[in-house]
Amino acid sequence: MENKITTNLELYDLVELHTTSNKIKQIAELFLTAMNDWPTFNLNEITDFIKEVKEYFGSPLTLEKIDAKNRNEIDEVNFWRIESGSSIAEMIELSKLYFNETDFDKIVSDILIYYSKKEISKP
């Protein structure tokens, strides 16, 4: 299935339409929080966000890499990157706990696939 969701605004609208609470919605909300906290002005494309996050934290993106940056680079310039990384770490932890998945790319893909299907049935 081709992913139709390319921006945080599209994903946000679909998450808001999803009135029932479940774990994938919680994970999607953490992803959106991470995007919102990332300090690049006007960053709306999900792929651009992922690219910047991996450039900063490292690829593949892991809890260990996020934790290492959080411990070593806390300063005013990187505060919002660290805040965003904390949301990503929480997102990965939830996914690990409920879906046994820690691969950041797979988690994001699962979110986008899930909400792409939701888009078809929205009112």
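Per my numbering, the sequence shown starts with residue 52, numbered consecutively. Just so you know, even glycine gets a beta-carbon here, dropped at the ideal spot from N, CA and C.
Near A85, which residues of its chain fall below 6 Å by C-beta distance, leaving aside the five closest residues on each side in sequence?
Excluding residues within five positions, the ones whose Cβ falls inside 6 Å are S135, S138 and I139.
From I56 to L163, what does the alpha carbon distance come to, in whole angstroms?
Approximately 6 Å, taken between the alpha carbons.
In this structure, how does DSSP classify I171 when only helix, strand and coil are distinguished?
For I171, the pLDDT reaches just 46, beneath the cut-off of 50, and the residue's location in the model is therefore unreliable, although a value from the coordinates is still provided. The answer is helix: DSSP assigns I171 an H, G or I state.
Check whether the Cβ atoms of L65 and Y149 sit closer than 8 Å, and answer yes or no.
Taking 8 Å as the Cβ cut-off, L65 and Y149 do not qualify as a contacting pair.
Secondary structure at E152, three-state DSSP: helix, strand or coil?
E152 carries a coil assignment under DSSP once its states are collapsed to helix, strand and coil.
Host alpha helix (DSSP H) of K55 (start-end):
According to the DSSP assignment, K55 belongs to no alpha helix (DSSP H), since it is labelled neither H nor E.
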